[in-house]
Amino acid sequence: MVLLVAGIVAAAWYVVFDMFLMEPVLGSYLAGIPGINAAPATMWIVIGNVVACLVLAAVYARTRSIFGLGLKNGATYGVYAGVLANFPTWLNLSVYASWPYGSAWAVTIALILNVTIAGALIGLVYEKMGQPKPA
31 MVLLVAGIVA
41 AAWYVVFDMF
51 LMEPVLGSYL
61 AGIPGINAAP
71 ATMWIVIGNV
81 VACLVLAAVY
91 ARTRSIFGLG
101 LKNGATYGVY
111 AGVLANFPTW
121 LNLSVYASWP
131 YGSAWAVTIA
141 LILNVTIAGA
151 LIGLVYEKMG
161 QPKPA
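Residue 31 is where the sequence shown starts when you use our numbering, and the numbers rise one by one after that.
What follows is the structure in structure tokens.
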């Protein structure tokens with residue numbers, strides 16, 4: 031149950047970021063990326079965010095004894111997960127898909143921060159819901 035709540039809370043943050051903050055934060059960088067979809071379907075944004083955050087929360091559930099509970103420890107987890115997922119992904123697109131190098135860095139940094147916040151929220155949910163320590 032805690033995993034589901036944590037995943038949904040993180041997904042709510044992801045949706046807020048994607049729907050309301052992505053454009054002001056990354057709009058000028060995204061505009062220069064060839065072939066990017068300027069108006070993706072909202073349904074797939076939400077579905078993708080829910081699935082991504084359930085995976086993020088599931089990995090945290092298995093590693094929380096290493097990172098700890100709460101905002102700070104969840105944010106630490108989020109930094110690690112964000113770097114793992116975003117650092118190679120978006121920078122490789124400058125090599126393989128001709129993304130502008132500056133845009134790749136901007137997206138990488140913004141999405142690492144995005145996952146850091148999601149990790150903090152997941153850590154907070156686990157702390158507040160009193161989940162017992164893993165075996």
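Glycine included, C-beta positions come from ideal geometry on N, C-alpha and C.
What you are looking at is a predicted structure, and each value in this text was computed from that prediction instead of being measured.
Annotation for S58: the continuous alpha helix (DSSP H) segment containing it runs M52 to A61.
A residue is called buried once 16 or more other Cβ atoms fall within 10 Å of its Cβ, and V137 is buried on that count.
Put simply, the region 145-153 touches the region 89-103. At least three CB pairs are less than 8 Å apart.
DSSP, read as helix, strand or coil, puts W129 in coil. Y44 and C83 have their alpha carbons spaced roughly 8 Å apart.
At a Cβ-Cβ threshold of 8 Å, A134 and W120 count as neighbours. In this model, A69 and M159 are separated by some 37 Å (Cα to Cα). For N79, the enclosing alpha helix (DSSP H) covers residues T72 to F97. Membership of A36 in the alpha helix (DSSP H) is indicated by the continuous run V32 to V46. Judged by DSSP in its simplified three-state form, P118 adopts helix. Of V81, G98, A36 and T146, the smallest CA-CA separation from N116 is found for T146. With a contact defined as Cβ atoms closer than 8 Å, G149 and G98 miss out at about 11 Å.
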